[in-house]
Structures are given as C-alpha cells and as structure tokens.
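Enquirer: Residue numbers (my numbering), protein chains in the order written: chain A, 1 to 684; chain B, 1001 to 1684.
No residue lacks a Cβ here, since even glycine has one placed at the ideal position from N, Cα and C.
There are 2 protein chains.
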Amino acid sequence: MEYDDYDRELGRLLDAAGIGPAADDVIELVLGVAAAPASSFPGAWMDLIALDLPDALRDHLSGRLDRARAILDDPRAPGDRSNRLARLREELRKRGLAGFIVPRTDEHRGEYVPPSAERLAWLTGFTGSAGVAVVLLDRAALFVDGRYTLQARAEVATEAYEVLSLTDTPPETWIAGSLAESARAVGGRSDQADPSLGYDPWLHAPDEIARLAKSCEKAGGRALPLQNNPLDAVWLHRPPPPITPVLPHVFGRTSEEKRAEVAKILASDGQDVAVLSTPESIAWLLDIRGSDVPNTPVSLAFATITRDGDVKLYIDLRKLTPEARAHFQEAGAVTVLEVCRLDTDLGGLGQDHKRVRIDPASTPIWILDRLDKEGALVSTGPDPCLLPKAKKSSEELEGIRAAHRRDGVALARFLAWLAREAPKGEVSELAAARRIEALRAENPEFRGNSFETISGAGSNGAIVHYRVSEATDRKLGPGMLYLVDSGGQYPDGTTDVTRTIAIGAPTDEMRRRFTYVLKGHIAIASACFPQDTTGSQLDVLARRALWQAGLDYDHGTGHGVGSYLAVHEGPHRISKLPSTVKLEPGMVVSNEPGFYKEGAYGIRIENLIAVTPAEKPVADAERAMMGFETLTLAPIDRALIDLDLLDPGERAWLDTYHARVLEEIGPELDEAGRVWLKSATAPL
Amino acid sequence: MEYDDYDRELGRLLDAAGIGPAADDVIELVLGVAAAPASSFPGAWMDLIALDLPDALRDHLSGRLDRARAILDDPRAPGDRSNRLARLREELRKRGLAGFIVPRTDEHRGEYVPPSAERLAWLTGFTGSAGVAVVLLDRAALFVDGRYTLQARAEVATEAYEVLSLTDTPPETWIAGSLAESARAVGGRSDQADPSLGYDPWLHAPDEIARLAKSCEKAGGRALPLQNNPLDAVWLHRPPPPITPVLPHVFGRTSEEKRAEVAKILASDGQDVAVLSTPESIAWLLDIRGSDVPNTPVSLAFATITRDGDVKLYIDLRKLTPEARAHFQEAGAVTVLEVCRLDTDLGGLGQDHKRVRIDPASTPIWILDRLDKEGALVSTGPDPCLLPKAKKSSEELEGIRAAHRRDGVALARFLAWLAREAPKGEVSELAAARRIEALRAENPEFRGNSFETISGAGSNGAIVHYRVSEATDRKLGPGMLYLVDSGGQYPDGTTDVTRTIAIGAPTDEMRRRFTYVLKGHIAIASACFPQDTTGSQLDVLARRALWQAGLDYDHGTGHGVGSYLAVHEGPHRISKLPSTVKLEPGMVVSNEPGFYKEGAYGIRIENLIAVTPAEKPVADAERAMMGFETLTLAPIDRALIDLDLLDPGERAWLDTYHARVLEEIGPELDEAGRVWLKSATAPL
C-alpha cells in the first residue's frame, strides 16, 4: 500500500471509531512510540489515543508501529561514520568554532538514553553507557573509562578518534593541550586569540562546564554554550523523542509523604524551590513509571517542587493516560504542563528572586544560566530526592525481598540448566543470555531487564561490561569460566546479580583468584560498622585479599540500586573514590568485587545487600553497629573455591548463606531443580 | 636593684664590651626571648646581640632573662577570667558588634602558638591544641573536638561558656541559630537588620570564613573582618612575640633542589608566585630551624616563592644569627625582609596582576583580601611545599631510622624501669613522664619533646589528649593500664610513640580489647595496597576488629610526621575523613589505633611507619603494591595479648617485629636492660 493510502486508511478507521485525534497526530504518536523500547504490554500505548479502541484500528496501529520501527534509523548500528564526522566539522567551521564536545548523556543524565539522544553512538559508533568525544577541526578523541577501553577500540574508527582513558587523560587535560594547537594547525577563522570549544548547555551540568571552561582557558580559548546543537543540525533521520504511557505506581511511601519529606529538606536548607531534571527522582516523587528508555522504567520529564510541596511536572502531555491524569488530579498539589512551559516558569522564578536549588552534578547548565540571568538566587545542593529515595522504607524492603525470591527461582533454574547443558559444549553466550531472560519472563511480575545481560565466557568474561553480539558470540567450553551479570525489573523491586561458573575443571589459579574475590565479597557482606560510615571507608574490605596477592579490579565495589527504578542510583556507593555520603538503614547497594585476567577469564560475585539498622553486635559491645542483609539468593560455585584460603568465619558465612538459598528457593523448584540446588548449596 | 639602675647597668656592660645595640633594643630582645620556650642551648640567643659576649654581660643577660620569664603573664594559667569576658564584651559593644570569634590558631596555623597568640586560653582558660570560642553579647560557646570535651568542661567557666562538640554542633550551626536571637535579646545598637559577627582576618583562612559568612547570613547577619583585634585591645600585659635564633639546618635535599621542585609545581599550575604562611613549609624550603614555639622547631615567618624559585622571607630580622645571614647569602635566591614589608609587596603583586597561589585552608584571609583588592589573580591550591615536604628522600629516611633507634634505646630503658618500679606502687604519672623525658635527654642529639608527653594511668588514660598536672597526677597501681604517648626531636628525625602497659594483672576485658587494637595496628602495618591509594581507604583496617566487637575510637588512625619538624604534618593521613591525597613512597605516618573506656582505662598502640615503594608482593602477582616499613622500635606489652584472638599471620608479624626490636636496640642497652628486653620481646 502507498503511504498516502495507508494514512487515509488510518483517518477512516479513526472516523469510524468516532475518535478525536487527527490522523496526523496519531502518526506522530506512533513515531514516538517506535522510538521507545518495546513494552512488556505491547498494546498499552494505544490508550494514549483513547480507551477501548476497535480491533480494526488496533490492528492497523500495530502494523503501523512495526513499520515505524523498521524504518527508524538506529544510531547505534555499526557502519562507516566518516561522513558524519566530516559533516559535523563542516558545520563547526561554518559557525567559526574550533571544536565541539559530544557527551553520552542527555538532558536527564540517565544511564539509558532514547535513540534521539544517542549522539555519541551516532557520531563515533561507541555504544557504551559512559563516554564523551571532543571533536576539533583536525583531530578528535573519545574518552571512556577502564571498563570500556577494549570495546571502544573495537567500535570506533581509531584513525579518526584517539581513544583515551577518562581517568588517565581526562578530556580537560587533552583539551588544555590540544585546543590551541589544533586551532593553529587548522588556521582560518578559528586561528584566533581565543579558539572556542562549543557545547550544548542542555547536555552538561555546571560542575562539568566549570572544569571544561578552566581547561579551555589554559589553552588560551574558551568554552561556548551554543543555542543549537551543531550535531543535531547535521543528523539526518534523527529519531523523534520517545512516547510511552505514564502509569501510576503507588508502592511503599505515598507521593504525599515523599513530597512533604523533600519540602522539609528545602525549608531547612533555606530554599524556595528545587528544579528536578532526573526522571528517576520525578518517578519516585510522583509515584509514576514509564518506559521511555530501556531498562529503567521512567518517563523523561522535568519538574519543580516548592518548600510547600507543590509540584509542577513538565512533560510531553501525549504520554498521559487517563489513569495518570486521574492520579495527578487526586494528588492535588501536582500541576502538569507541557515541557515548553519550563522556560517561562524558570524566568518567573528568576523575576521573583526565588531561592532555587539545583544539583550542580546533574542539572543542565542551561537551567542554571536561565535562572541566573533572570535574577534567581541559585544555590547548589544534591537533588533533594536522592537521599530519601535511597533509604527504602520497610514496605519497600519487603517488596525487594519478594522480588529477589522470584528472581532467585529463575536464577536457580538457569544455573541448573547451565550445569546440565554447558558441559556438552553447545551453549553459546547469546543462548545463555536468552535463556536467563526467558526464565525471568516466565514470571508474570517480570517487567523487563534492569540492564543488558552480560554473558561472557573465557576471555570475554574479562571485558567488564561485555555485551554479547552475533559477532563476538562464543560457545561455553571446558576449562572456561563463564560470567553472567543480569537483573530484572519487578513492580516491587529491581535485581542485579552476577555469578561466575566453572565449565569443566577450573585451574588452581582460577580457584585461588575466585577465592580471593569471594573473601572480599564475604568481608563486605559481613561488615559491621558504626553510624556515619561511608561506602568509601568499607571498599578496602572487598579488595584486601586481592591486594595481598598483588591483584585488584578497576571498578567500584558497589552501586546503589533503585526500587523498580534505575539499577544504578545514588547517592551512596562502595568505592575507592572519596565520599561524604553515609550508609543509612534501608539503602540497597551491590556487593560485587571481581578479578579480570585480560585475554583469559573474568570473575565477579555480585549480590545486592541492604544496610541494616544499628544494634549491638555482641553482649560486650559499647556501641550499636550497622551491617548488611544479603538480598540476592543464588548459589556461589563451590567448584571454584580453594578451601585452604578461607578462614573458619568465611566458611561459616558461605554455608549459612547457601542454607538460606536452599530454604527460600528450593520449595519453588521442580524435583530435578531441587536436587541440583541441594548439591550446589551443600556445606563446604 | 631598682629597674632603672638595672637597665643602666646593662648600658654600662654593653658599652664596656663595645657592642652596638642600644640597651633599649636589648631589653626588648630579652622580652621576646622570654616569650619563647626555653632552649636546649640556653645561651645561644645571646648571639643575636653579638658573638663572643664577655662573661659579665652574659651573666647579666641570663639574670635578666630569668626575671623577664618570671614576670611574663602566662595566658594559660588557671584563674577567674570573668572580667576578661566582660571587658571583651564591653569592647564589642563600643564597636557596635554583636559578637566576635576567637580561634586557637594564630597567623601561621601551627599546632603550637606563642604566648602572644594564646588568645583562646587567655579568654576562656581552655588550653587544648584545637578549639574556637564565639562570644556574643549575652552568651558564649566554646567548640572543641571529641578528645577535648572532658578537659574543656574542667578548664572553662561553664556558666559563661556552653561547651559544644565541633563535629556535632559546629560553630556555623550554633551561630546560625544564636546570632540573631542574641542580638534581639540584647537590643541596643546591634539589634539591627544585620548583626555583625567580627573576626580577625589574620587568624582565619578563606575556607573557614566562607562557612562563617554563610552561617551569619542564615541568621540574617554578616561576618565582618576587623582591622584591630578587640581581644588584643583589652588584653593587658600581653606577652610580646617570641624571639629565638634562626639556625641553618641542611639535611637530605638541599634548599636549592627544594625551591626548584616547588617552582616547577607553580609553573605547571600556571601560577607566578605562591604565598607561604606556614613556618614548617618555610623551614623545610629554606633549610632553617628555630624555636619560637614549643615542640616544633620553627621560626615564625611568612614567605613568597616565584615560579623561578626566588624566595622572599618576611621575618623579625632580630632573629637572624650571623650564621643564618651567611646561609641565606649563600643560597643567593633568598631575600630577607622585615615582616612589615609583606603588606607592600602583596600590594605590588596585585598591581602587577600576578597569578598568586594561596592555600585556602591555611593562608590568613587578610592576605587573600589584600591581593584581591590590588588586582592579583588569586588561585587557590594546597601549599606547594606540603607534598614534596611529606615525601622524604632516602637520606631523610635514613636519618629518621637513626633517630628511631636512638629513641628506641630511651624507650626500652624507660619500659624496663617501669617494669621494675611501677609494681611497687610509687611511680606517679608525672614522675614517669619526667623519667622518659630525662632518658631521651641523655642522648646528646636530643633537641626536645616533639609534643607534650601524655602519661595517663587508669581512667586518665581514657582522656585521649590527657596532660598530666600536679592537680591530676596519680600513682600507677596494680590492675591499671598505663598509657604513655611521647616523642622527641632530633636533627635527623622526629619520633612519636605510644605504648600501653599493664601494671600488675590486667582483666580479661582489657586483654581482649588491647588485642583488638593490636589487630588493627598489625592490619595497617602489614597492609599491601596499589598506587593511588589514600589513607582514608586504609583506615577501616585499623578499626575492623574493634567494630566487630561493637567498639571504636574517636580519633584518626594516623597523621603525617615531619623530619625534625612538626609531629603532625599533612597532607596525608589515615582517617575516616574523605581524602584525595595519595600515599606515596617516603611519606611517614603514625599507626595508632586505640580504645578508650571512659572512667576506666585507655589503650593505644602507636608506631611510626613509612610508605615503601611499589613492588610485586608474591611471585604470582599481576600488579606492584606498596606497603609500610615500621620505624618505631619498642616492645608491645605481651601481658596484654589474648592469644586466642590473633591469627597465625598476626602472631608472626608481632614475633618478627619483636625480634627486630631486640636485634636493633638490645646491643645499645646495659646487661640488665638487655635481659629485660629479651623477655619483653620473646616469641608469643
């Protein structure tokens, strides 16, 4: 059918159903839905047109969505990107710019961005979840962290981009050294006293720009905010922003309680209003979820909250289901507005000289500049939702435990399957990843992965954030270690678990090093610490056994985890990096030490743990201490343990943990599964 | 003899000796010397008048110094201080101020200040080494840290001063709550829209004032820098600033090398000149020592250093011996000027728009304001001497090892004496402190204590920074723990050591808790860690065993230690507090976990340790690791160890350490001492 006929058919079907929206609006809506991840409830988005559509219309819309998906340009698809870089440089030259900075982040700084914001992947081909490119007229560099260096070198054209380590040569250092040199080398308009490095003020936070401006100054240049993103200007067939239904999600504390808590923080810090730009904060605060981006169930939006708890939500109104509208109406103190209203409302806050709080680490500097220019008294402070969101209530923790039992059943079934099938040598990384996802999906509560499954055998396991593809897929074979890191979203909780499994007989070296990692894992799990302790203080416990053997791992030990939200959330973490954020009861964090031998194998043991309230650990104690409750329930491969390296306390910890796994998961398995689990959790 | 006659006699003696300085100048000089600590070389200061004075004149000067010392008002002496507080408030009222802040620090922020800067002690009676008072018109508060709360409550008039914890209720919080309320309660001139809290800009660093200003704003007031210190205005008989000879001290790296190193830091950070206000930095940089304050062998001064390595030293020129003048002349690039020249020279830097580096944590804000006002481009960064000073050269480390062997001999003799005498029940804390000081002083290289000896028996040992006095002195008796923390200054190194000794039979609880502390001490001493590790990361190793038993200690685990300089030096430390300063080879730091049972006993085990270069710890290692070399050589009381709580690695560490103590110290002792040391260091 021709496009025109097809569109006319939609008009006819809408008319027949007596439905309001014009065909053009519906066509736009479908494009937005196509630019979002596929939903667990495939037809749910149709409610955004009207409830109870006739079947003929639903069928048409389904077909239309499939078509839209098929023609959507995937900015992450591999291919020759040299003309993209050339077109961007041409655009920069036209504007008299010496360069432009292209971050992975979008306006909302989530780990996952919609296709419309995949600028870094579109330009460079790099598909990792963190990185930044700096494009100058005669040279360009891509900066990624330790977990992505191998992947980046494989994905980008290294003759066009120097691939550098974010920590060893941060962009600031490279810019300080390269900006002036490049401008001189290139000559022309930008060969001036102050070569300008452009940036998109929607895509950078004030903290970043402060560093960027400093490095530009060092190079005798300057950092220049641009009204229009020059990359967007040359990006043909850029996907539209995603559209998915906003759904109410009331669980644990009510939105009213949460708004009061945040309002109290603002009042005590002497602020009138906070601007929120992080969708997880908004989802948590307003008891809503969406599916605009993969893996994190949020709707992209902005919001403000006053010290009285009044909220304005700035969002694409087409995303609102009737249910969501009713939810906000009920909440009373929430006003829903189109995103374009944010501009004028920020101006109003400025003209009223309001004391406005923004998070300098995450708010787009565009917002800060707008407030500043209009006369607001801007003060910086962490997003006021961060800390209360991180401290899960007892009801939320109950949900998280239930989600982990459910997840544990899928994991046990997967591990039993793996134990049976992998030795035959026919299981591939991709097949294993699909298997674990399918087993999770058998549970009706499953709402999707919480991140892309990492399924790496042998040397692929040594790539910390390995993502298996047809190109890299390999069979699990004897003598290999297999590392699988995966997680699910459930309405009552988010999971994230890593297990390392020996396929066939492991070497002594593998067992020794697995045991060092296990000792670190146990040291964190059984840690006992006073109030006011930070995750930075505890980090060394996870590394000590490795360090003594001259080994280490180049990633953090633990990240915060949301409750049916982002699998990586702040403000707490367990890491080498200094932090002033204290661990508080109810915080959920991962415990995931590892070891990676490049080109050989990877080891990681990851459970989620929750901070438990302070109590005296022994009768003799003088102070109450906090600790951790392990949430994840899955056996740890006993074949990989070198018993001689465990002390009696460590053995006891593992035996107790395994007994608990058997007790909680065993009854949910079939007979064969139970038999396998019993042997997998037998005392050491 | 009448004063006039006495002064005329001095004139006659000077004339007779044909010596230039007028009697009036010499009288002033003597007052300055009297206001400095007594020197290990009593007559050395007379060289400041002229070399080789006739005996009659020397005798006169000695007598004159004794007299001056006797009449010098001791600002730390106990007594009723209510009229001092009243006079200060009267002065504040006259100036229309709502309050004034009185810190312990002076312009140079050393741990020790001369009598002329003992403002906090003079006003409040509090003699601890850290604290700050805020005096409002109707209320006042003294803020001290955990180690000083008991002492502060005993020393100050608690009806006049609320004694608060620096960490629980920092002055900023108290001011935010009290300033406006106090101004309202008092009424009068300061009952205005913005009550002013005055501060002396010489006594506060920019970082402090930023916090102070914020809290004043919160209270609707402001922080106001004062040209003249109102406390000084009402301080009758304030001692003059100290005068002691400046002596060249060339050891380890030369001043030229050090100046080149600092100049390189300035050049790479894009700065023209740094202002130095810390006497330890200046002493290190210029290879000089003095004795203006107790325990830290420095001369109070300011300096600037340019990116070319040129230094200007601002100092009371009366302190310069002919030897020191020759030393600076030889150095070439060092210009010596009167302190009053600093003002004009800072103005000059401003007018030339120089890029000037100051340390925002230690430079008086007066200096920053002066530079700012005159147009300098001030950039903040740590004192550029801090890091190179902390990284001891191999020659400095050799000196430090020699100083520790020397110190270890005195310690072994002391501990042997204690083992013999204390059980008789007649040794007092004061007598023990005098004994260890006397034993150190027997070595001709001894240059004085590196801090005031802490000598606490029983419950006095639980006061972390206990300073024994006639009033608190008690006998060491059976069943007590005795804690002694002391250190010496030697030309090749500075020592600091704590031992806890059981007098008679300790209880099981004491042994258990001593062993937890020992486990922490060993965990630090034997730590193995990669490059780029901070002391904050390692801190938990010292606490883990205590935490597991529900115990902790409220002080840091380790502080940096100078080389014949301050016993507490930065920038590194081992502490719960976040830090970005990496441990680097050559850094010396203390390892001093403890446990304190209030009202009962105190335990601390302290050795100094040096960071060792990275090497692979085992054959199998993939990375080079750093560690520590223990410098202190003294037995750890075996009677206090609960062997069941030590694992085999910990026992081996202690046996190896004790064998080394016996081997290095034993040969320096007499027969009886050797016999005692052999049993004190016998394998467990």
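Rounded to whole angstroms, what is the Cα-Cα separation between ARG1638 (chain B) and ARG499 (chain A)?
Expert: Numbered from 1 along the second sequence, position 638 holds the residue referred to as residue 1638 (chain B). Numbered from 1 along the first sequence, position 499 holds the residue referred to as residue 499 (chain A). Answer to the nearest angstrom: the Cα atoms are 45 Å apart.
Enquirer: Whole angstroms are fine: how far does the CA of GLY594 (chain A) sit from the CA of ASP552 (chain A)?
Expert: For the purposes of this step, residue 552 (chain A) is taken as the residue at position 552 of the first sequence. For the purposes of this step, residue 594 (chain A) is taken as the residue at position 594 of the first sequence. Between the C-alpha atoms of ASP552 (chain A) and GLY594 (chain A) there is a straight-line separation of about 8 Å.
Enquirer: Could you give the DSSP three-state label for SER190 (chain A): helix, strand or coil?
Expert: Taking the first sequence and counting its residues from 1, the one referred to as residue 190 (chain A) is at position 190. Confidence at SER190 (chain A) is low in this model, with a pLDDT of 45, below 50, so the placement of that residue should be treated as unreliable; the coordinate-derived value is given next. SER190 (chain A) sits in a helix when the DSSP states are folded into three classes.
Enquirer: Where GLY560 (chain A) and SER1362 (chain B) are concerned, what is the direct C-alpha to C-alpha distance, given to the nearest angstrom?
Expert: Position 560 of the first sequence, counted from the start, is the residue given in the question as residue 560 (chain A). Position 362 of the second sequence, counted from the start, is the residue given in the question as residue 1362 (chain B). Near 36 Å, if we compare the C-alpha coordinates of SER1362 (chain B) and GLY560 (chain A).
Enquirer: What does the alpha-carbon distance come out to for the pair ARG12 (chain A) and VAL250 (chain A)?
Expert: Your numbering for residue 12 (chain A) matches position 12 in the first sequence. Your numbering for residue 250 (chain A) matches position 250 in the first sequence. Cα-Cα distance, rounded: 39 Å.
Enquirer: Could you name each continuous beta strand (DSSP E) segment of 3 residues or more that falls completely within the region 1612 to 1681 of chain B, going from the start of the chain to the end?
Expert: Here the runs fully enclosed are 1625 to 1630.
Enquirer: Identify every run of the alpha helix (DSSP H) within the region 1138 to 1220 of chain B, keeping only runs that are complete inside it and at least 4 residues long; order them along the chain.
Expert: 1149 to 1155, 1171 to 1186, 1206 to 1218
Enquirer: Which residues mark the beginning and the end of the beta strand (DSSP E) in which PRO1103 (chain B) is found?
Expert: The residue labelled residue 1103 (chain B) in the question sits at position 103 within the second sequence. Start and end: 1099 to 1103.
Enquirer: For ALA303 (chain A), which three-state DSSP category applies?
Expert: Residue 303 (chain A) sits at position 303 when you count from the first residue of the first sequence. ALA303 (chain A) falls in the strand class under three-state DSSP.
Enquirer: Going by Cα to Cα distance, which pick from A:LEU684, A:ALA652, A:THR630, A:SER281 is closest to GLU664 (chain A)?
Expert: Numbered from 1 along the first sequence, position 664 holds the residue referred to as residue 664 (chain A). The residue with the shortest Cα to Cα distance from GLU664 (chain A) is A:THR630.
Enquirer: How would you call SER1190 (chain B), buried or exposed, if buried means at least 16 neighbouring beta carbons within 10 angstroms?
Expert: Numbered from 1 along the second sequence, position 190 holds the residue referred to as residue 1190 (chain B). The predicted position of SER1190 (chain B) is uncertain, since its pLDDT is 45 and thus under 50; a value taken from the coordinates is nonetheless stated next. Buried.
Enquirer: Just tell me which of B:GLN1489, B:GLU1217, B:TRP1547, B:TYR1490 has its CA closest to the CA of VAL1517 (chain B).
Expert: Counting from 1 along the second sequence, the entry for residue 1517 (chain B) is found at position 517. Of the listed residues, the one whose Cα sits closest to VAL1517 (chain B) is B:TRP1547.
Enquirer: Between LYS519 (chain A) and chain B, is the shortest Cβ-Cβ distance under 8 Å, so that the two count as touching?
Expert: As a first step, residue 519 (chain A) is located in the first sequence; it is residue number 519 there, counting from the start. No, because no Cβ of chain B sits closer than 8 Å to the Cβ of LYS519 (chain A).
Enquirer: Under the DSSP definition of a beta bridge, which residues are partnered with ASN607 (chain A)?
Expert: Within the first sequence, numbered from 1, the residue matching residue 607 (chain A) stands at position 607. ASN607 (chain A) pairs with A:ASN591.
Enquirer: Rounded to the nearest angstrom, what separates GLY558 (chain A) and ILE603 (chain A) at their Cα positions?
Expert: The residue you call residue 558 (chain A) lines up with position 558 of the first sequence. The residue you call residue 603 (chain A) lines up with position 603 of the first sequence. GLY558 (chain A) and ILE603 (chain A): Cα-Cα distance of roughly 15 Å.
Enquirer: Check each residue of the region 1520 to 1537 of chain B: if its Cβ is closer than 9 Å to any Cβ of chain D, include it; give the result in chain order.
Expert: Protein chains A and B are contained in the structure displayed, whereas chain D is not.
Enquirer: Below 8 Å between beta carbons: does that hold for LEU1231 (chain B) and LEU1085 (chain B)?
Expert: Counting from 1 along the second sequence, the entry for residue 1231 (chain B) is found at position 231. Counting from 1 along the second sequence, the entry for residue 1085 (chain B) is found at position 85. Using a Cβ distance threshold of 8 Å, LEU1231 (chain B) and LEU1085 (chain B) do not count as a contacting pair.
Enquirer: Restricting to runs no shorter than 4 residues, where is the alpha helix (DSSP H) found entirely within the region 1517 to 1588 of chain B?
Expert: Those alpha helix (DSSP H) runs which fall completely within the region 1517 to 1588 of chain B and span 4+ residues are 1535 to 1548.
Enquirer: Give me the DSSP bridge partner(s) of ILE1358 (chain B).
Expert: Indexing the second sequence from 1 puts residue 1358 (chain B) at position 358. Answer by DSSP bridge pairing, in chain order: B:THR1380.
Enquirer: Taking the beta strand (DSSP E) that LEU481 (chain A) falls in, what are its first and last residues?
Expert: Along the first sequence, one-based indexing puts residue 481 (chain A) at 481. Where LEU481 (chain A) is concerned, the enclosing beta strand (DSSP E) stretches over 480 to 486.
Enquirer: Count Cβ pairs between the region 1203 to 1215 of chain B and the region 1094 to 1110 of chain B that sit closer than 8 Å; are there 3 or more?
Expert: yes
Enquirer: With a threshold of 8 Å between beta carbons, is GLN151 (chain A) in contact with chain B?
Expert: In the first sequence, the residue the question calls residue 151 (chain A) occupies position 151. By this cut-off, GLN151 (chain A) is not an interface position.
Enquirer: Under a three-way DSSP split, which group does GLY688 (chain A) fall into?
Expert: Past the boundaries of the shown model lies residue 688 (chain A); chain A is included only from 1 to 684, so the question cannot be answered.
Enquirer: Can you have a look at HIS353 (chain A) and say buried or exposed, based on whether 16 or more other CB atoms are within 10 angstroms of its CB?
Expert: Residue mapping note: residue 353 (chain A) aligns to position 353 of the first sequence, counting from 1. HIS353 (chain A) should be labelled exposed.
Enquirer: Quick check on DSSP: helix, strand or coil for PRO1225 (chain B)?
Expert: As a working mapping, residue 1225 (chain B) is identified with position 225 in the second sequence. PRO1225 (chain B): strand per DSSP, three-state reduction.
Enquirer: Examine chain B for any beta-carbon lying closer than 8 Å to the beta-carbon of GLY220 (chain A), and answer yes or no.
Expert: The sequence position of residue 220 (chain A) within the first sequence is 220, counting from 1. No, GLY220 (chain A) does not count as interfacial toward chain B.
Enquirer: Based on the DSSP output, what are the partners of SER455 (chain A) in its beta bridges?
Expert: By one-based count along the first sequence, residue 455 (chain A) stands at place 455. A:VAL484.
Enquirer: On the three-state DSSP scale, how would you describe LEU1476 (chain B)?
Expert: The sequence position of residue 1476 (chain B) within the second sequence is 476, counting from 1. It is coil, neither helix nor strand.
Enquirer: According to DSSP, is LYS1392 (chain B) helix, strand or coil?
Expert: Stepping through the second sequence from its first residue, residue 1392 (chain B) is reached at position 392. Coil.
Enquirer: Are the CB atoms of ALA1098 (chain B) and PRO1195 (chain B) within a distance shorter than 8 Å?
Expert: As a working mapping, residue 1195 (chain B) is identified with position 195 in the second sequence. As a working mapping, residue 1098 (chain B) is identified with position 98 in the second sequence. In this structure, ALA1098 (chain B) lies closer than 8 Å to PRO1195 (chain B) by Cβ.
Enquirer: Which first and last residues belong to the beta strand (DSSP E) in which THR1500 (chain B) is found?
Expert: For the purposes of this step, residue 1500 (chain B) is identified with residue 500 of the second sequence, where counting begins at 1. Looking at the DSSP string, the run of the beta strand (DSSP E) that includes THR1500 (chain B) is 1497 to 1502.
Enquirer: Does DSSP classify THR344 (chain A) as helix, strand or coil?
Expert: Taking the first sequence and counting its residues from 1, one reaches residue 344 (chain A) at position 344. For THR344 (chain A), the secondary structure class from DSSP, reduced to helix, strand or coil, is helix.
Enquirer: Return the residue from the list B:LEU1320, B:THR1296, B:PRO1114, B:LEU1337 that minimises the CA-CA distance to LYS1312 (chain B).
Expert: Position 312 of the second sequence, counted from the start, is the residue given in the question as residue 1312 (chain B). Nearest of B:LEU1320, B:THR1296, B:PRO1114, B:LEU1337 to LYS1312 (chain B), Cα basis: B:LEU1337.
Enquirer: With respect to the beta strand (DSSP E) encompassing VAL1134 (chain B), which residues constitute its N-terminal and C-terminal limits?
Expert: In the second sequence, residue 1134 (chain B) corresponds to position 134, counting from 1. Taken as a continuous stretch (DSSP letters only), the beta strand (DSSP E) holding VAL1134 (chain B) covers 1132 to 1136.
Enquirer: So if I threshold CB-CB distances at 7 Å, which residues from the region 479 to 501 of chain A count as touching chain B?
Expert: none
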